[in-house]
Amino acid sequence: MRKIKAAIVGTGFIGPAHLEALRRIPNVEVKALCEVNIELAQEKAILLGIPQAYTFEEMLKDEEIDVVHICTPNFLHFSQSKAALLAGKHVVCEKPLATKIEEAEELVALAKEKGLVNAVHFNLRYYPMVRQMKTMRESGELGDIYSIMGSYLQDWLFLQTDYNWRLEPDKSGDSRAIADIGSHLLDLTEYVTGLKIMEVMADFSTVHKTRLKPLKAIETYSGKMLNAADYQEVAINTEDHATVMLRFDNGNKGSVTVSQVNAGRKNRLNIEIAGSKSNFEWCSERPNEMWIGKRELANQHLMKDPALFTPEAAGLISFPGGHNEGFPDTSKQLFKEVYAAVLNGKQPAQPTFPTFEDGLRELVICERIIESHKKQVWVKI
Numbered sequence: 000m001r002k003i004k005a006a007i008v009g010t011g012f013i014g015p016a017h018l019e020a021l022r023r024i025p026n027v028e029v030k031a032l033c034e035v036n037i038e039l040a041q042e043k044a045i046l047l048g049i050p051q052a053y054t055f056e057e058m059l060k061d062e063e064i065d066v067v068h069i070c071t072p073n074f075l076h077f078s079q080s081k082a083a084l085l086a087g088k089h090v091v092c093e094k095p096l097a098t099k100i101e102e103a104e105e106l107v108a109l110a111k112e113k114g115l116v117n118a119v120h121f122n123l124r125y126y127p128m129v130r131q132m133k134t135m136r137e138s139g140e141l142g143d144i145y146s147i148m149g150s151y152l153q154d155w156l157f158l159q160t161d162y163n164w165r166l167e168p169d170k171s172g173d174s175r176a177i178a179d180i181g182s183h184l185l186d187l188t189e190y191v192t193g194l195k196i197m198e199v200m201a202d203f204s205t206v207h208k209t210r211l212k213p214l215k216a217i218e219t220y221s222g223k224m225l226n227a228a229d230y231q232e233v234a235i236n237t238e239d240h241a242t243v244m245l246r247f248d249n250g251n252k253g254s255v256t257v258s259q260v261n262a263g264r265k266n267r268l269n270i271e272i273a274g275s276k277s278n279f280e281w282c283s284e285r286p287n288e289m290w291i292g293k294r295e296l297a298n299q300h301l302m303k304d305p306a307l308f309t310p311e312a313a314g315l316i317s318f319p320g321g322h323n324e325g326f327p328d329t330s331k332q333l334f335k336e337v338y339a340a341v342l343n344g345k346q347p348a349q350p351t352f353p354t355f356e357d358g359l360r361e362l363v364i365c366e367r368i369i370e371s372h373k374k375q376v377w378v379k380i
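For the sequence shown, numbering that gives the first Met the number 0 assigns the number 0 to the initial residue and increments by one for each residue that follows.
What follows is the structure in structure tokens.
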């Protein structure tokens, strides 16, 4: 079997996470690391044990590179994904796929025209328990879906001194909490339930109207502290917190709340789906367990165990029951499916992994949520 060679573009929090996952997949070699600044690329390549450091433009000229992972700030996703596709390379892009719907539509069309493998890193689909919920719903164990309640809570922007490029609309887009973490929750909601969100009603709030921006760079989730003289005060125009009511294509309702200012919640996605037969509840901070609620029987607590799971969910498990798997494993499992398609040389007719089309779908939903907040009305998707 030939070795597939990849390049990672971006050296922040998520770039090394892609690297670690790819190194756990047989016959994949991460050949190159890319940054705008070649000195930074060289420094990070040495630190991460990657053979080659490139600028993005230099990397595109390397004919050995099969797949490009776009792990840069949001405003670069469109231009870099487009350039990689035009260079004949398969693309795995971080979400959001772009910051404008028109750009995402162009990428979907271009990837289809080129016949190249394309994926968006909605990795939270790849917790085994998430796929188990999906397959149990498909087999009828949930029944008709009555309602859906979800939340995604973090505290990494809790303090006024917490700062990151995601706070700047020119780099991140017009939405922050919804686009950054809400997109994962909304994607997961449609993926597990099989329902489509048809209308939204949103309300945003910005807790810190101004923040103290560091005058020197710090990395996402680094927790590093600076002195008072190292900050400047800047206005904040994106949301720290959002609540969205949802209407689904089965006529029933749901709601999601996202926040990046909930003290003590480090990275907590929670989803609860109420059905006519059961109630499913799952939390990303307890990823190896699922609660199943019953009315006339005892409630159940299902623990991750490939011997007890559906074949589709068991396929995302690498270790026996009792051996916990978590966030890093989700990327590995997603990339396994993507690279199987790369080895075949083309995008599958019905991909099992999230594609550019899924990225476009979530971008449209997020844009309609922003519109709903601004107009304070229900908005159709």
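A virtual CB, placed ideally from N, CA and C, is assigned to each residue, including glycine.
Under 9 angstroms between C-beta atoms of alanine 118 and valine 90: Numbered from 1 along the sequence shown, position 119 holds the residue referred to as residue 118. Numbered from 1 along the sequence shown, position 91 holds the residue referred to as residue 90. Yes, the Cβ-Cβ distance between alanine 118 and valine 90 is below 9 angstroms.
Sequence-distant residues of the same chain with beta carbon closer than 8 angstroms to arginine 22, five excluded per side: Residue mapping note: residue 22 aligns to position 23 of the sequence shown, counting from 1. Here the set comprises Val29.
Which of helix, strand or coil DSSP assigns to glycine 274: Within the sequence shown, residue 274 is the residue found at index 275, counting from 1. Glycine 274 falls in the strand class under three-state DSSP.
Backbone secondary structure at serine 78 - three-state DSSP: As a working note, residue 78 is residue 79 in the sequence shown. DSSP places serine 78 within a helical segment (H, G or I) once states are collapsed to three.
Where does the unbroken beta strand (DSSP E) through asparagine 73 begin, and where does it stop? Taking the first residue of the sequence shown as 1, we reach residue 73 at position 74. That residue, asparagine 73, is in no beta strand (DSSP E); it is neither H nor E in DSSP.
Quick check: the Cα distance between glutamine 231 and asparagine 163, rounded to an integer number of angstroms? Position 232 of the sequence shown holds residue 231. Position 164 of the sequence shown holds residue 163. Spanning the two alpha carbons is a distance of roughly 13 angstroms.
Delimiting residues of the alpha helix (DSSP H) encompassing arginine 360: If you number the sequence shown from 1, residue 360 lands on position 361. Start and end: 355-374.
I'd like the span of the alpha helix (DSSP H) that includes threonine 381, first residue to last. As shown, the chain starts at 0 and ends at 380. That puts residue 381 outside it, with no answer to give.
Test item: CB-CB of isoleucine 69 and cysteine 92 under 9 angstroms: As a working note, residue 69 is residue 70 in the sequence shown. As a working note, residue 92 is residue 93 in the sequence shown. Taking 9 angstroms as the Cβ cut-off, isoleucine 69 and cysteine 92 qualify as a contacting pair.
If the criterion is Cβ atoms closer than 9 angstroms, does the pair isoleucine 177 and valine 243 meet it? Here the question's residue 177 lines up with position 178 in the sequence shown. Here the question's residue 243 lines up with position 244 in the sequence shown. Cβ atoms of isoleucine 177 and valine 243: closer than 9 angstroms.
In whole angstroms, give me the CA-to-CA distance for leucine 166 and arginine 175. Indexing the sequence shown from 1 puts residue 166 at position 167. Indexing the sequence shown from 1 puts residue 175 at position 176. Put simply, the backbone Cα of leucine 166 is about 7 angstroms away from that of arginine 175.
Considering only their Cβ atoms, is the gap separating aspartate 154 from glutamine 259 smaller than 9 angstroms? Locating residue 259 in the sequence shown gives position 260, where the first residue counts as 1. Locating residue 154 in the sequence shown gives position 155, where the first residue counts as 1. Taking 9 angstroms as the Cβ cut-off, glutamine 259 and aspartate 154 qualify as a contacting pair.
Arginine 210 versus His17, Ile235, Pro50, residue with shortest Cα-Cα distance: Taking the sequence shown and counting its residues from 1, the one referred to as residue 210 is at position 211. Checking every option, the nearest Cα to that of arginine 210 belongs to Ile235.
For alanine 228, does the count of other Cβ atoms within 10 angstroms reach 16, so buried, or fall short, so exposed? By 1-based counting over the sequence shown, the position of residue 228 is 229. It is exposed - the Cβ of alanine 228 has fewer than 16 other Cβ atoms within 10 Å.
Going straight from the alpha carbon of lysine 195 to that of leucine 187, what length do you get? Taking the sequence shown and counting its residues from 1, one reaches residue 195 at position 196. Taking the sequence shown and counting its residues from 1, one reaches residue 187 at position 188. Going by C-alpha positions, lysine 195 is about 11 angstroms away from leucine 187.
Using the beta-carbon count (16 or more within 10 Å), is proline 310 buried or exposed? Looking up residue 310 in the sequence shown gives position 311. Answer is exposed; the Cβ neighbour count stays below 16.
Quick check: what's the CA-CA separation for glycine 172 versus phenylalanine 74? Here residue 172 refers to the residue found at position 173 when the sequence shown is read from its first residue. Here residue 74 refers to the residue found at position 75 when the sequence shown is read from its first residue. Distance between the alpha carbons of glycine 172 and phenylalanine 74 is about 7 angstroms.
Quick one: what's got a C-beta closer than 6 angstroms to leucine 255's C-beta in the same chain, skipping five residues either side? Taking the first residue of the sequence shown as 1, we reach residue 255 at position 256. The residue you asked about is not leucine; residue 255 is valine in the sequence shown. Close CB contacts of valine 255 within its chain, under the 6 angstroms cut and outside five residues either way in sequence, are with Gly149, Leu184, Val243 (chain order).
Could you please give the first and the last residue of the uninterrupted beta strand (DSSP E) stretch that includes serine 258? Walking along the sequence shown from the start, residue 258 turns up at place 259. Per DSSP, serine 258 belongs to the beta strand (DSSP E) from 252-258.
Tell whether a beta-carbon distance below 9 angstroms holds between alanine 31 and proline 15. Here residue 31 is taken as the residue at index 32 of the sequence shown, counted from 1. Here residue 15 is taken as the residue at index 16 of the sequence shown, counted from 1. No, the pair does not count as a contact, with Cβ atoms beyond the cut-off.
For leucine 301 and phenylalanine 352, the rounded distance between their alpha carbons: On the sequence shown, residue 352 is found 353 positions in, with the first residue counted as 1. On the sequence shown, residue 301 is found 302 positions in, with the first residue counted as 1. In a straight line, the C-alpha of phenylalanine 352 is about 25 angstroms away from that of leucine 301.
Best match in Pro213, Asn266, Gly320 for proximity to threonine 160 [C-alpha to C-alpha]: Translated into the one-based positions of the sequence shown, residue 160 becomes position 161. Taking only the C-alpha atoms, the option nearest threonine 160 is Pro213.
Please identify the residue among Val206, Glu361, Arg130, Arg1 whose C-alpha is closest to the C-alpha of lysine 99. Here residue 99 is taken as the residue at index 100 of the sequence shown, counted from 1. Comparing Cα positions, the closest option is Glu361.
Nearest CA to the CA of lysine 276: which residue from Ser138, Glu105, Pro168, Ala340? Here residue 276 refers to the residue found at position 277 of the sequence shown. Among Ser138, Glu105, Pro168, Ala340, the Cα nearest to that of lysine 276 is on Ser138.
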